[in-house]
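Residue numbers (the numbering used here), protein chains in the order written: chain L, 1 to 308; chain Y, 1 to 340; chain H, 1 to 326.
Note that the Cβ used here is the ideal one computed from N, Cα and C, for glycine as well.
Here's the structure we're looking at; comments come further down.
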């Protein structure tokens, strides 16, 4: 069953009956089916992988073959062993099983990025709605501040904040929140501005519905879809950010496991122990890829008229 | 005259933004840390030194006064002294600019040179089975962690295949055999200007892996953006007109459509450049490239506080200037914009 | 005499995810050399789609499922892309409803016209420019040098449409297809543009296929007209005759719905009901559901286009006897 069918139930209430068919490519029935299946395969892969990562994050001690090593216990006798039956992905320079470290590494990746994106949304979305709805000096003020933060390259600002506050995962999360919230403000503001002109909003105002209710019950639900798409893709981007910071030593600190940290630690052993840096990178890549694909699929479902 | 007006207006706005940034960095240096002087002196400072520094830095003065002084310092080019090298931060930055600059420019050229044609090509494939692969390629570009990609390339092309060197800008032995004259600091340019072919080849070879690593993400972004805008443009009425008048496919796609599609793509190119500024850090670390990024990374590790702030501000400034240039470029290409 | 354009048995359908939607159902009409032929009908009746299909410009989910469109005797629908490219803009030219979006916003007017001219004629840049400037003048544009170097957004709607007309006529086509050329323009400009089209085409012997929803427009410039409804031709006649003596109930309904000063003070006449959503599914007369003269036969059998004396045609059983005797 395709993912799109899971969502279509809710969507069909909102989509207007469109007599003009969405232009599709020049496909025969067979090619069209193949295309849809392929797309669903990607969707299936992305959802599946994300679920797997969530599972790893939640149940790491249960899933990992060597949970203690995953947490950081050393095993000096087995340093830098190549992949084998005992250690499917080899061991690192402290003898720890790479696979276990990888599974534990899903924790900072998933949890941190979820927190960053949720908090950024919590701050950015209401601000954007207020700015878009009220306009005037409120809008100006909020947008000037937003633009200011947007003017910094996100990662740079985060790096600066972390280096001052002290390197740790928590500080990295907070720093990233500071860098990320403006994107949501801008997004919500533009959708709010266009929604504001719609008749049903005017009607609600005419009846005397309070502003707070208008914003929370009428405007925000209609801005949800681009927010969800953006948030999904952002989780992937933030995972890249947290692992990048960890790589620089500005994020998760040893002995905790973190994909970016592992890549950095493995760098010096690139010649003799390629597996050490390779597998964490694959984990990051597949996870970010999954979120990007999922975001794309969601975008398609919510607005099939776009051509991606 | 309208274009001049627009330019001036954008310049003015940019200056305001720059000012705003200095406020942010100022807050970071003074307001955020509990004891800025201690931070400034490093971890081994003694209490008396901290006291003295607090006085010297004027940290007991009211904040607005401190800010004015901070601004004054900035305008005169004083970003403080690096704790690690003891030299002015400005000097450290400027001396390393050409190395990073060269890397960034080459990466950008690669990104645009591959990204845009890839985007146009994939737009033409829209709906056909091969479309999947091209889309996959560009999504992969934006999903791969840059620092890891660099390592991967090193593994494959540097160690396994031994096609390319693993680090640095140039082979150190060349300093004796074919030394590079320092004219611009851009080795590619310098070697070409002096006809130093041996060095040129070596420099180019050293550039390839880092530049490709840096270009991966931008290629993905640019290709996706170009593809999306091309698809949108091809639906427009003026393309229907062009078709209705029998213009050739090549003219329609590569001139009529592309020129329209390029304009929004320029914004993305600005964004990717910003991303590349921070991406360059990682690439330089991995390839031991003696540029700004490496210096910054070391500053983070050493908690070389003045250097960190200096680079942040500098990076932000650069980003703004690049975006300003892109905006102006857009205004010049799109005849509709400047008349707003 | 062989007609310039002969549309026969044309069927057009759209392939949607929800099924095939038939938008044009078995239409016939012909256009003679030198005449201005109008197609009039309300939105969605298939008139635009018909005009697009002549130059094979139907957007993707639409296709011609049956029929022939003969130009000088040759069926255009069988021609390859390359052959069509030679005809488009050269022997048959088309102008569209919204001139602003039909011109490329990032290129100057002169450049766009020049590209069209040099695609079909072997002229160098200088000669092309001369021809274009003189063409811009013939369409009534002032200050042609400035217009030549302008961008589309710097022109008014009326000026833009004149530019489109110039583009259409620059290679001296035999047939001009004008799809609602005045709908997006001010009323005062409408008359000017229509007159321009009529005069230029009369002067050069160019035939025109004019698509519109406005009866006033057809009465102003069209020699002969066809009335479309629900994807079918319901009536064809020389325009003045059509307006004076409409034979099909739909045409009669349209004309009586026009507010005139004679009807001042009376309620507006309307045609009850709405256009069928899926006209391809209807057996019997397409207009039966709304016709005031409907019989049982109308819902079961589809009336063919009967030909009456002096060329008028109507698809209604009411004229059957007259057609057989006339």
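In DSSP terms, what residue i is bridged to
{"i": "residue 19 of chain H", "result": "H:16"}
{"i": "residue 175 of chain H", "result": "H:92 and H:207"}
{"i": "residue 70 of chain H", "result": "H:6 and H:75"}
{"i": "residue 33 of chain H", "result": "The partner list for residue 33 of chain H (beta bridge, DSSP) is empty, contrary to what the question assumes."}
{"i": "residue 323 of chain Y", "result": "Note: residue 323 of chain Y sits in no beta bridge, so no partner."}
{"i": "residue 313 of chain H", "result": "H:236 and H:307"}
Residue-chain proximity (residue i, chain Y), Cβ-Cβ < 8 Å
{"i": "residue 49 of chain L", "result": "no"}
{"i": "residue 288 of chain L", "result": "yes"}
{"i": "residue 179 of chain H", "result": "no"}
{"i": "residue 311 of chain L", "result": "Past the boundaries of the shown model lies residue 311 of chain L; chain L is included only from 1 to 308, so the question cannot be answered."}
{"i": "residue 30 of chain L", "result": "Residue confidence for residue 30 of chain L is low, a pLDDT of 44 falling below 50, so the modelled location carries little weight; the figure read from the coordinates is stated next. Answer no: the Cβ-Cβ gap between residue 30 of chain L and chain Y never drops below 8 Å."}
{"i": "residue 104 of chain H", "result": "yes"}
{"i": "residue 148 of chain H", "result": "no"}
{"i": "residue 43 of chain L", "result": "no"}
{"i": "residue 151 of chain H", "result": "yes"}
{"i": "residue 17 of chain H", "result": "no"}
Beta strand (DSSP E) segment containing residue i, residue limits
{"i": "residue 226 of chain H", "result": "224-229"}
{"i": "residue 279 of chain H", "result": "Premise fails: residue 279 of chain H is in no beta strand (DSSP E) and is neither H nor E."}
{"i": "residue 333 of chain H", "result": "Because chain H in this structure spans residues 1 to 326, residue 333 of chain H falls outside the shown range and cannot be described."}
Rounded Cβ spacing between residue i and residue j (contact assumed at less than 8 Å)
{"i": "residue 64 of chain H", "j": "residue 109 of chain H", "result": "With 8 Å as the limit, residue 64 of chain H and residue 109 of chain H do not qualify as a contact, their Cβ atoms being about 34 Å apart."}
{"i": "residue 260 of chain L", "j": "residue 237 of chain L", "result": "That belief does not hold up - the Cβ atoms of residue 260 of chain L and residue 237 of chain L are roughly 14 Å apart, past 8 Å."}
{"i": "residue 146 of chain Y", "j": "residue 283 of chain Y", "result": "7 Å"}
{"i": "residue 269 of chain L", "j": "residue 80 of chain L", "result": "6 Å"}
{"i": "residue 21 of chain Y", "j": "residue 148 of chain L", "result": "7 Å"}
{"i": "residue 286 of chain Y", "j": "residue 141 of chain Y", "result": "Actually they do not touch by this definition, with Cβ atoms about 18 Å apart."}
{"i": "residue 227 of chain L", "j": "residue 288 of chain L", "result": "The pair is not a contact, with the Cβ atoms about 19 Å apart (cut-off 8 Å)."}
Within 8 Å, strictly: CB atoms of residue i and residue j
{"i": "residue 244 of chain Y", "j": "residue 55 of chain H", "result": "yes"}
{"i": "residue 347 of chain Y", "j": "residue 224 of chain Y", "result": "Lying outside 1 to 340, the shown extent of chain Y, residue 347 of chain Y is not represented and no answer is given."}
{"i": "residue 197 of chain H", "j": "residue 51 of chain H", "result": "no"}
{"i": "residue 106 of chain H", "j": "residue 227 of chain H", "result": "no"}
{"i": "residue 177 of chain H", "j": "residue 94 of chain H", "result": "yes"}
{"i": "residue 266 of chain H", "j": "residue 312 of chain H", "result": "no"}
{"i": "residue 165 of chain Y", "j": "residue 205 of chain Y", "result": "yes"}
{"i": "residue 65 of chain L", "j": "residue 99 of chain L", "result": "yes"}
{"i": "residue 98 of chain Y", "j": "residue 185 of chain Y", "result": "yes"}
{"i": "residue 326 of chain Y", "j": "residue 269 of chain Y", "result": "yes"}
{"i": "residue 89 of chain Y", "j": "residue 307 of chain Y", "result": "yes"}
{"i": "residue 141 of chain H", "j": "residue 119 of chain H", "result": "no"}
{"i": "residue 97 of chain H", "j": "residue 184 of chain H", "result": "yes"}
{"i": "residue 21 of chain H", "j": "residue 278 of chain H", "result": "yes"}
Segment limits, alpha helix (DSSP H) that includes residue i
{"i": "residue 37 of chain H", "result": "Careful: residue 37 of chain H lies outside any alpha helix (DSSP H), inside the beta strand (DSSP E) at 36-40."}
{"i": "residue 173 of chain L", "result": "169-196"}
{"i": "residue 248 of chain Y", "result": "Here residue 248 of chain Y belongs to no alpha helix (DSSP H), and DSSP marks it neither H nor E."}
{"i": "residue 275 of chain Y", "result": "258-287"}
{"i": "residue 130 of chain H", "result": "125-138"}
{"i": "residue 143 of chain Y", "result": "130-143"}
Interface flag, residue i vs chain H, CB-CB below 8 Å
{"i": "residue 92 of chain Y", "result": "no"}
{"i": "residue 331 of chain Y", "result": "no"}
{"i": "residue 254 of chain Y", "result": "no"}
{"i": "residue 340 of chain Y", "result": "Its pLDDT being 37, under 50, residue 340 of chain Y is placed unreliably in this model, and the value from its coordinates should be taken loosely. Chain H contact via Cβ: absent."}
{"i": "residue 236 of chain Y", "result": "yes"}
{"i": "residue 265 of chain Y", "result": "no"}
{"i": "residue 250 of chain Y", "result": "no"}
{"i": "residue 135 of chain Y", "result": "no"}
{"i": "residue 335 of chain Y", "result": "yes"}
Heavy atom of the ligand HEM within 7 Å of residue i beta-carbon
{"i": "residue 152 of chain Y", "result": "The ligand HEM is absent from the structure shown, which contains no ligands of any kind."}
Residue i at chain L interface by Cβ criterion, 8 Å
{"i": "residue 143 of chain Y", "result": "yes"}
{"i": "residue 140 of chain Y", "result": "yes"}
{"i": "residue 101 of chain Y", "result": "no"}
{"i": "residue 245 of chain Y", "result": "no"}
{"i": "residue 79 of chain Y", "result": "no"}
{"i": "residue 11 of chain Y", "result": "no"}
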